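Residue numbers (the working numbering): 1331 to 1470.
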């Protein structure tokens, strides 16, 4: 994409993991939920992991994660690739194999050209495809 007069990072007060709550603040916030009493939950809120693990059968578990962070770079395609790889890494970190993914999009409509969003989504989809992951939908 040619150089543009805008920067994606303009919409980010802090970038990447810097946008997260620290572990102590997160743990205190999650305490308000109380314990999860489902014995099939193997990894849940109490561990502050980036993914949860839920036992489906004796030999099969579902690993779920959701990821969202503000732009860490200004190039739309680079941001799409980073976002997809970051989301996949949470599944890999749990020792699991990603099968499907959802897009979660927050975009300043009317403030950036639609091509910016298209470039982000295309690049993310390419990373998912290369990993053998099916993009099954999403939310804006």
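A virtual CB, placed ideally from N, CA and C, is assigned to each residue, including glycine.
The structure displayed is predicted, hence computed values, not measured ones.
I believe residue i touches residue j by the beta-carbon criterion, under 8 Å. Please report the beta-carbon distance rounded to the nearest angstrom.
i            : j            : result
residue 1431 : residue 1417 : 7 Å
residue 1454 : residue 1425 : Between residue 1425 and residue 1454 the Cβ distance is about 23 Å, and since that is not below 8 Å, they are no contact.
residue 1376 : residue 1385 : That pair is no contact at about 16 Å.
Taking residue i as part of the beta strand (DSSP E), name the residues at either end of that continuous run.
i            : result
residue 1363 : Neither: residue 1363 is in no beta strand (DSSP E) and is coded neither H nor E.
residue 1391 : 1390-1394
residue 1464 : 1464-1469
Within this structure, are the beta carbons of residue i and residue j separated by less than 9 Å?
i            : j            : result
residue 1463 : residue 1428 : yes
residue 1421 : residue 1393 : yes
residue 1423 : residue 1458 : no
residue 1434 : residue 1396 : yes
residue 1470 : residue 1436 : yes
Could you tell me the alpha carbon to alpha carbon distance between residue i and residue j, rounded to whole angstroms?
i            : j            : result
residue 1345 : residue 1399 : For residue 1345, the predicted model reports a pLDDT of 48, less than 50, meaning its position is unreliable; a value from the coordinates is still stated below. Taking the straight line from one Cα to the other gives about 7 Å.
residue 1381 : residue 1438 : 28 Å
residue 1452 : residue 1465 : 11 Å
residue 1361 : residue 1370 : 20 Å
residue 1456 : residue 1448 : 12 Å
residue 1461 : residue 1412 : 14 Å
residue 1450 : residue 1356 : 29 Å
residue 1467 : residue 1368 : 28 Å
In chain order, what residues of the same chain lie with their CB nearer than 6 Å to the CB of residue i, ignoring the 5 residues before and after it?
i            : result
residue 1379 : 1373
So, for residue i: in the same chain, excluding its five sequence neighbours on each side, which residues have a beta-carbon less than 8 Å away from its beta-carbon?
i            : result
residue 1365 : 1376
residue 1353 : 1378
Which first and last residues belong to the alpha helix (DSSP H) in which residue i is found?
i            : result
residue 1454 : 1444-1460
residue 1410 : 1406-1423
If I measure Cβ to Cβ from residue i and keep anything under 7 Å in the same chain, skipping five residues before and after, which residues do I get?
i            : result
residue 1363 : 1375
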